[in-house]
Structures are given as structure tokens and as C-alpha cells.
Amino acid sequence: MAVSGCGANGLWDRSGLIADTAGCTEQRLDIYFDEGQARLTQPAQQMIAMTGERLQGCRVEGVDVIGLASSTGDSASNQTLSERRARAVADALIEAGWPSPRFTLSAGGDAGATTDGGLAEPLRRRTEIVIHARPQ
Numbered sequence: 039m040a041v042s043g044c045g046a047n048g049l050w051d052r053s054g055l056i057a058d059t060a061g062c063t064e065q066r067l068d069i070y071f072d073e074g075q076a077r078l079t080q081p082a083q084q085m086i087a088m089t090g091e092r093l094q095g096c097r098v099e100g101v102d103v104i105g106l107a108s109s110t111g112d113s114a115s116n117q118t119l120s121e122r123r124a125r126a127v128a129d130a131l132i133e134a135g136w137p138s139p140r141f142t143l144s145a146g147g148d149a150g151a152t153t154d155g156g157l158a159e160p161l162r163r164r165t166e167i168v169i170h171a172r173p174q
């Protein structure tokens, strides 16, 4: 089946229907860390910078930063590590020029870092960022 003539009169131009899905809405971003570290990796810094660029022109009403840790080590050390991770990410967000919102920092330590069967969850070496944004 061939269709002709439709493109000439603009029926195929759909550019006006494309919405910016990465725009000013609530977003979640995970920043991963090396084992036992609270230092941001280069890819993490790049992700923070790129997300900050996408948020320019948005009204950022708040950012929740939740530091987490794996089950390696003792609970007290993991709690401290997750707090350091949350602070490192919040500092990087500010340094990257994110709009100045209200930051809420929390740390989960190693709570939930193992499955019910006792298996370690290595991807818990992260900080979760929830961005509450809307158009200005």
C-alpha cells in the first residue's frame, strides 16, 4: 500500500505533539558509589550536572537525598557512611548550580541491605535523589 500526497500538505508533521518528558516534573535519580566510599565517581558527577541542566527553568520545590549503604561492615559504620553519601550528593548538587530548593537529607544505613534469605544487596551502595519540580 502506498500513501502519497499527505506529506506535502503537512499531515505528517507531528513536531507539535512532542512533549518534553524530562521537563519540570517529579524525578528520581540514583547515584552509585564504590564499596565503602562516599566520594562521587566521574559518571555520578556528570549525571548530576546533566540533570541540573535539564532543571534550569523549572521551579524546584524540594530535593530529597537519601543515603544508603550495603550490608558490608557493621551497622554503625554503614549509618555514618550513608550520611556521608547523602551530604556528598547534596554538596555536589549545590556546586553544580542546581536551583536552590529545600534539601531534605536522610540516611538509611544498611537497613534493608539484605534479602529475606540473607543475600547481600550490593546495589544499596547508592544515594537516591527525589526531585520535586514543576514549571515556573
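If you're matching positions, the sequence shown starts at 39 in the working numbering and goes up one per residue.
Every residue, glycine too, gets a C-beta built ideally from N, C-alpha and C.
> For residue 166, which residues from the same chain have a beta carbon less than 6 Å from its beta carbon, with the 5 sequence-adjacent residues on both sides left out?
Replying inline: Within the same chain, residue 166 has close Cβ partners 68 and 104.
>> I'd like to know whether the C-beta atoms of residue 119 and residue 146 end up nearer to each other than 8 Å.
In response: The Cβ atoms of residue 119 and residue 146 do not sit closer than 8 Å to each other.
> In angstroms, rounded to a whole number, what distance separates the CA positions of residue 164 and residue 123?
Replying inline: Going by the C-alpha atoms only, they are around 8 Å apart.
> What three-state label does DSSP hand residue 75 in the structure shown?
Replying inline: Coil at residue 75, not helix or strand.
> Is the CB-CB distance between residue 93 and residue 171 below 8 Å?
Replying inline: Yes.
>> Using 8 Å for Cβ pairs, my map puts residue 168 next to residue 131. What's the rounded Cβ distance?
In response: Their Cβ separation, rounded to whole angstroms, is 12 Å, which puts residue 168 and residue 131 out of contact at 8 Å.
>> Taking the straight line between their C-alpha atoms, what separation do you get for residue 66 and residue 95?
In response: A straight-line Cα-Cα distance of about 18 Å links residue 66 and residue 95.
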